[in-house]
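Everything on this sheet refers to the single structure shown next.
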Amino acid sequence: MLTLSSPIRLAAGALLAAMLAGAPASGQAQETAETGSVPETASAQRIVVMEWAALETLLALGHPPVGAADAGGYREWVGEPALPADVAEVGSRQEPNLEEIARLRPDLILSHVHLKPLKEKLAALAKVEEVTFNGTGGDAYATVVEGTRKIGDLLGETAEAEALVASADATFEEAAKALRSAGLAGRHVYFVRIIGPNALRVHGQGSVADTVLSRLGLTNAYTGEVNEWGFALLEPSALAEDPEAAIVVAGPVTDEAMASVFDTPLGKALPAVRAGRVYDLPVTWTFGGVPSAKTMAEAIAAALTETGR
1 MLTLSSPIRL AAGALLAAML AGAPASGQAQ ETAETGSVPE TASAQRIVVM EWAALETLLA
61 LGHPPVGAAD AGGYREWVGE PALPADVAEV GSRQEPNLEE IARLRPDLIL SHVHLKPLKE
121 KLAALAKVEE VTFNGTGGDA YATVVEGTRK IGDLLGETAE AEALVASADA TFEEAAKALR
181 SAGLAGRHVY FVRIIGPNAL RVHGQGSVAD TVLSRLGLTN AYTGEVNEWG FALLEPSALA
241 EDPEAAIVVA GPVTDEAMAS VFDTPLGKAL PAVRAGRVYD LPVTWTFGGV PSAKTMAEAI
301 AAALTETGR
């Protein structure tokens with residue numbers, strides 16, 4: 001079997017392709033930012049959240065919810081900030097369990113745009129706020145920052161939300177400094193997730209990964225067309241277009257999945273494989289919030305500086 005450069009390899013289960021987002025910021029959040037007034041949602045103690053980026057933001061701000069959609073999936077695919085064991089599962093992000101949500105007696109539900117058909121039913125259970133984090137077709141990280149600020153406004157913790165964003169800026173700079181010191185400034189990088197032996201999700205312009213690479217002083221090797229989520233579904237052969245690039249694979253990813261792409265005749269012929277520039281990361285959620293962007297930056301920098309390639 002091909003031995004790949006994997007300084008921080010993590011074995012995990014089957015791969016997931018799900019990602020969900022939210023809706024435009026409300027006037028309430030805008031009013032809070034401009035006037036300093038405290039929204040009624042600031043007193044919310046029992047929050048139910050329908051989307052992982054909003055969930056990790058709540059946790060980072062010290063507000064664990066009473067219920068979360070796909071809580072088990074969050075623990076596998078996002079991981080940090082850690083989700084307390086007593087947070088209830090409330091169905092999937094696409095099909096929440098309304099009975100379970102009602103049982104939890106929430107006073108605030110953080111929803112997303114894909115649940116608009118259920119908004120009235122959710123609103124019968126508690127106040128509903130929609131928050132956008134991904135899938136807008138624009139600058140994904142700018143949308144992440146906006147979503148973070150909206151949640152901060154809703155909770156009456158604008159300063160804490162700004163501190164969270166600032167902590168990411170500091171993480172990006174620290175990681176960029178480490179890469180510069182290792183002589184890796186400007187390194188071209190493909191950032192991918194394995195979907196199958198012949199299918200890779202390659203992140204390009206507009207994705208959070210693209211912003212992170214740029215903030216680290218790296219260059220995204222993929223410059224082709226992308227969808228509204230900032231990625232393209234491509235065959236592994238596409239990674240030969242930039243022969244000087246490294247390949248960074250988002251985790252969790254199994255050894256078997258890595259081998260199915262890179263330990264094949266085609267995979268072994270890829271320039272990055274021949275040069276030992278293929279890296280698999282630990283859990284790295286590519287459609288998350290500020291905490292996931294920080295994790296991504298740290299993991300990329302650790303992987304590349306481990307070998308200096």
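Take the sequence shown: its letter number 59 is residue 59 in the UniProt record's numbering, and every next letter is one higher. All residues carry an ideal CB built from backbone N, CA and C; glycine is no exception.
Could you check how far apart the C-beta atoms of Ala126 and Pro106 are, in whole angstroms? I think they sit under 8 Å.
4 Å
Asp255 and Gly230: beta carbons closer than 8 Å?
no
Taking the alpha carbon of Val248 as the point to measure from, which residue in Glu228, Lys119, Ile300, Glu173 has its own alpha carbon closest?
Ile300
Would you kindly report the start and end of the unbroken beta strand (DSSP E) that includes Ala250?
246 to 251
Smallest Cα separation from Asp280: which of Ala293, Glu228, Val113, Ala246?
Ala246
Residue from Glu306, Val192, Ser292 with nearest C-alpha to Val253:
Val192
How big is the Cα-Cα spacing for Asp86 and Leu108?
18 Å
Considering only residues of the same chain and omitting the five flanking positions on each side of Pro271, which have a CB-CB separation below 7 Å?
Ala240, Pro243
On the three-state DSSP scale, how would you describe His112?
coil
When you compare only the Cα positions, how much space is there between Asn134 and Ala161?
18 Å
Are the stretch 287 to 295 and the stretch 156 to 175 in contact at 8 Å, needing three or more beta carbon pairs?
yes
So, helix, strand or coil for Ala14, using DSSP?
Note that Ala14 scores a pLDDT of 33, beneath 50, so its modelled location is shaky; the value from the coordinates is reported in the next line. Coil.
Name the residue from Ala71, Arg149, Leu110 whose alpha carbon lies nearest to the alpha carbon of Val49.
Leu110
Which whole-angstrom value describes the C-beta separation of Ala175 and Ala303, a residue pair presumed to lie in contact below a C-beta threshold of 8 Å?
No, Ala175 and Ala303 are not in contact; Cβ-Cβ is about 11 Å, not under 8 Å.
Evaluate the contact criterion for the stretch 116 to 132 versus the stretch 88 to 103: three or more CB pairs, one atom per stretch, below 8 Å.
yes
DSSP beta-bridge partners of Tyr74
According to DSSP, which records beta bridges pairwise, Tyr74 is partnered with nothing at all.
For Glu51 versus His112, is the C-beta spacing smaller than 8 Å?
yes
Just to confirm, is the Cβ distance from Thr286 to Ala250 under 8 Å?
yes
Grab me the residues of Val283's own chain with a C-beta within less than 8 Å of its C-beta, minus the 5 sequence neighbours each way, in chain order.
Leu10, Ala12, Glu76, Trp77, Val78, Gly79, Glu80, Gly251, Pro252, Thr295
Could you round the C-beta distance between Leu155 and Glu129 to whole angstroms and report it? I think they count as a contact, below 8 Å.
10 Å between Cβ atoms; not a contact.
Within 7 Å: the Cβ of Gly79 and any heavy atom of the ligand ZN?
Within the structure as shown, the ligand ZN is missing, as the structure has no ligands at all.
If you reduce the DSSP assignment to three classes, tell me which class Phe231 lands in.
strand
For Arg46, does the three-state DSSP call read helix, strand or coil?
coil
Can you give me the C-alpha to C-alpha distance between residue 341 and Ala168, rounded to a whole angstrom?
For the chain, the structure presents residues 1 to 309; residue 341 sits outside this window and is missing.
Tell me the rounded alpha-carbon separation between Thr219 and Val66.
41 Å
Quick one, which of Leu115, Gly267, Gly183 has its alpha-carbon nearest Gly308's?
Gly183
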